[in-house]
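*Asks:* Chains as they are written, first to last, in my numbering: chain A, 1021 to 1246; chain E, 469 to 714. Cβ atoms here follow ideal geometry from the backbone N, Cα and C, with glycine treated the same way. Quick caveat: nothing in here was measured; it's all calculated off a predicted structure. Handing you a structure now.
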């Protein structure tokens, strides 16, 4: 079924595709997810602590970021903002969009996790003399992040795949490279399945990693998964 | 050392405390009694500003405060001199027993870690849990958790200890081990305010007793007279009703 020619193309292109995967897709995901986490924690805390004004800003941001397509957001930032004189390189544009988009979803995850920590934890912290932020940092947030960890891992895995959209704003990541190769030799089916398998490989590694980290985090002496 | 006048608190228009007066002298062990819904837990929470009162004055160490309009700094200063033991322990779940005791010292008081841990171990030994220092709350029984919570409360060497029904989440066997620790504290001369259903403990360890009903103090006085010759009919009925348990 697979001709020798196709096999040759697939083997040759495997490294050609994997290389931008390692050099672009993974760093792009890692950097974007890091910023997404910072945004998520801040946005969640602002809402959880009911900070006036800022909590409404947070709600508005989440509403917009979750309610519009990721692809549209990429286009607005990369092709649209130049109209206002804001010109961004493809990769910075992609990082900004992915961070803001993912940050909104993760903010909801973290907020729900903060709310799942019993209020008695905060009260007890205040009663031993710690400030709100001290209790947050030492007691509530660590517990919330442990609760949120499986969902956040999910978001990270989703993000690996979403970075393929960056090909639409000229970022030469895995999928962009695959499209280029495929249009040259017209082996569309084989090559698109191949790049799909490489994404699958990346996500499998992350899933395994998630399980290892989860086991190492434990749940503070309780049964795993609580 | 602690005096409260006219403490009022409502939840959603429902008055829970209707002008409570209270006086606690150094070394007093005050038992706060009353049936469920009498406002006794709310009273204790208001005293430590876990709930904000609607009105009332408080004197602590000679200074009078307006309870409804207390600044954050004043609350922080007051909390530095008090400690709270919760009904459901509220140990920090992500911290070991030792860390639970030491955390307030290292974070809030900036005590060196080594010093805080030494004090922590000493306090865990005091409540009979020296061998459980590295255990997480989920690995401890209810009684052990509550004793860790007491050790945590003692860590900052508070002038007054508040106990909110410290044994009502425990079975009788565990109740005994917690009450024993509390009795020891009472004998050391610690000032304690204890909301409790344990009449036996109150009778034995308390120096003062207060009976609360419908958000008002029905009767208050020295424990011996309170238990042996209650003046008010409602107090008599309450003590009779609960007697078989005590």
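Ordered along the chain, which non-local residues of its own chain (more than five positions away) have a Cβ less than 6 Å from that of residue 512(E)?
*Replies:* For the purposes of this step, residue 512(E) is taken as residue 44 along the second chain, with counting starting at 1. Counting only Cβ-Cβ distances below 6 Å, and skipping sequence neighbours, we find 630, 632 and 663.
*Asks:* Grab me the residues of residue 1030(A)'s own chain with a C-beta within less than 6 Å of its C-beta, minus the 5 sequence neighbours each way, in chain order.
*Replies:* Locating residue 1030(A) in the first chain gives position 10, counting from the first residue. Excluding positions up to five away in sequence, the list reads 1210 and 1214.
*Asks:* Does residue 1152(A) have its Cβ less than 7 Å from a Cβ in chain E?
*Replies:* As a working note, residue 1152(A) is residue 132 in the first chain. Judged by the 7 Å Cβ criterion, residue 1152(A) is not in contact with chain E.
*Asks:* Answer yes if the region 1025–1041 of chain A comes into contact with the region 1105–1116 of chain A, meaning at least three C-beta pairs across the two stretches below 8 Å, and no otherwise.
*Replies:* They do not touch, by the three-pair rule.
*Asks:* According to DSSP, what are the bridge partners of residue 681(E)?
*Replies:* Counting from one through the second chain, the residue named residue 681(E) turns up at place 213. Beta-bridge pairing links residue 681(E) to 684(E).
*Asks:* Give the list of continuous beta strand (DSSP E) stretches no shorter than 3 residues that lie fully inside the region 636–673 of chain E.
*Replies:* Those beta strand (DSSP E) runs which fall completely within the region 636–673 of chain E and span 3+ residues are 660–663.
*Asks:* What residues from the region 540–556 of chain E come within 7 Å of chain A, judged by C-beta to C-beta, listed N to C?
*Replies:* Against chain A - using a Cβ distance shorter than 7 Å - the residues of the region 540–556 of chain E are 547, 548, 551, 552, 554 and 556.
*Asks:* How should residue 1025(A) be labelled, buried or exposed, when 16 other C-beta atoms within 10 angstroms of its C-beta is the threshold for buried?
*Replies:* As a working mapping, residue 1025(A) is identified with position 5 in the first chain. Per the 10 Å Cβ criterion, exposed.
*Asks:* Just how far apart, CA to CA, sit residue 462(E) and residue 654(E)?
*Replies:* Beyond the ends of chain E as shown, which are 469 and 714, falls residue 462(E); an answer cannot be given.
*Asks:* What residues in its chain sit with their C-beta under 8 Å from that of residue 1033(A), if we drop five residues either side in the sequence?
*Replies:* Locating residue 1033(A) in the first chain gives position 13, counting from the first residue. 1198, 1201, 1211 and 1214, listed in sequence order.
*Asks:* Is residue 600(E) buried or exposed, if buried means 16 or more other CB atoms sit within 10 Å of its CB?
*Replies:* Walking along the second chain from the start, residue 600(E) turns up at place 132. So residue 600(E) ends up on the buried side.
*Asks:* Let me check one thing: in DSSP terms, what residues is residue 499(E) bridge-paired to?
*Replies:* Taking the first residue of the second chain as position 1, residue 499(E) is located at position 31. BP columns for residue 499(E) point to 662(E) and 677(E).
*Asks:* What residues of chain E sit near residue 1170(A), judged by a beta carbon separation below 7 Å?
*Replies:* As a position in the first chain, residue 1170(A) is number 150, starting the count at 1. By Cβ distance, chain E contributes nothing, its closest Cβ being about 17 Å from residue 1170(A), past 7 Å.
*Asks:* Using a cut-off of 7 Å between C-beta atoms, extract the partners of residue 572(E) located in chain A.
*Replies:* Counting from one through the second chain, the residue named residue 572(E) turns up at place 104. 1148, 1149 and 1150, listed in chain order.
*Asks:* Between which two residues does the alpha helix (DSSP H) holding residue 1068(A) run?
*Replies:* Start at 1 with the first residue of the first chain, and residue 1068(A) comes out as number 48. It spans 1046–1068 - the alpha helix (DSSP H) in which residue 1068(A) sits, taken as one unbroken run.
*Asks:* What do you get for residue 1045(A), buried or exposed, if any count of 16 or more other CB atoms within 10 angstroms of its CB means buried?
*Replies:* Counted from its first residue, the first chain places residue 1045(A) at position 25. The residue in question, residue 1045(A), is buried, as its Cβ has 16 or more Cβ neighbours within 10 Å.
*Asks:* With DSSP collapsed to three states, give me the class of residue 552(E).
*Replies:* What you label residue 552(E) is simply residue 84 of the second chain in a count that begins at 1. Here residue 552(E) sits in strand by DSSP.
*Asks:* Cβ closer than 9 Å: which chain E residues qualify as neighbours of residue 1072(A)?
*Replies:* By 1-based counting over the first chain, the position of residue 1072(A) is 52. Those do not exist, as residue 1072(A) stays about 16 Å from chain E at its closest Cβ, beyond 9 Å.
*Asks:* With DSSP collapsed to three states, give me the class of residue 509(E).
*Replies:* Counted from its first residue, the second chain places residue 509(E) at position 41. Looking at residue 509(E) - three-state DSSP - the assignment turns out to be helix.
*Asks:* For residue 1240(A), go through chain E and note every residue whose CB falls closer than 7 Å to its CB, in chain order.
*Replies:* Locating residue 1240(A) in the first chain gives position 220, counting from the first residue. Correct list: 561, 562, 604 and 606.
*Asks:* Quick check: does the Cβ of residue 591(E) come within less than 6 Å of any heavy atom belonging to the ligand MG?
*Replies:* Of ligands this structure carries none, so the ligand MG is not represented either.
*Asks:* Sorted by chain position, which residues of the same chain lie with C-beta nearer than 7 Å to residue 507(E)'s C-beta, five sequence neighbours on each side aside?
*Replies:* Within the second chain, residue 507(E) is the residue found at index 39, counting from 1. 484, 485, 680 and 683.
*Asks:* Nearest CA to the CA of residue 576(E): which residue from 1223(A), 1078(A), 1052(A) and 1150(A)?
*Replies:* Within the second chain, residue 576(E) is the residue found at index 108, counting from 1. Nearest C-alpha to residue 576(E): 1150(A).
*Asks:* Listing by chain order, which chain A residues have their CB less than 7 Å from the CB of residue 624(E)?
*Replies:* Working through the second chain from its first residue, we reach residue 624(E) at position 156. 1148 and 1149, listed in chain order.
*Asks:* Which residues in chain E have a C-beta closer than 7 Å to the C-beta of residue 1143(A)? List them in chain order.
*Replies:* For the purposes of this step, residue 1143(A) is identified with residue 123 of the first chain, where counting begins at 1. Neighbours of residue 1143(A) on chain E, chain order: 518 and 558.
*Asks:* Under a CB-based cut-off of 7 Å, is residue 1159(A) close to chain E?
*Replies:* Counted from its first residue, the first chain places residue 1159(A) at position 139. True, the Cβ-Cβ gap to chain E drops below 7 Å.
*Asks:* Rounded to whole angstroms, what is the Cα-Cα separation between residue 1239(A) and residue 548(E)?
*Replies:* Position 219 of the first chain, counted from the start, is the residue given in the question as residue 1239(A). Position 80 of the second chain, counted from the start, is the residue given in the question as residue 548(E). Looking at the two C-alpha atoms, the distance is approximately 31 Å.
*Asks:* Got a sec: is the Cβ-Cβ distance from residue 1162(A) to anything in chain E below 7 Å?
*Replies:* Residue mapping note: residue 1162(A) aligns to position 142 of the first chain, counting from 1. Closer than 7 Å: yes.
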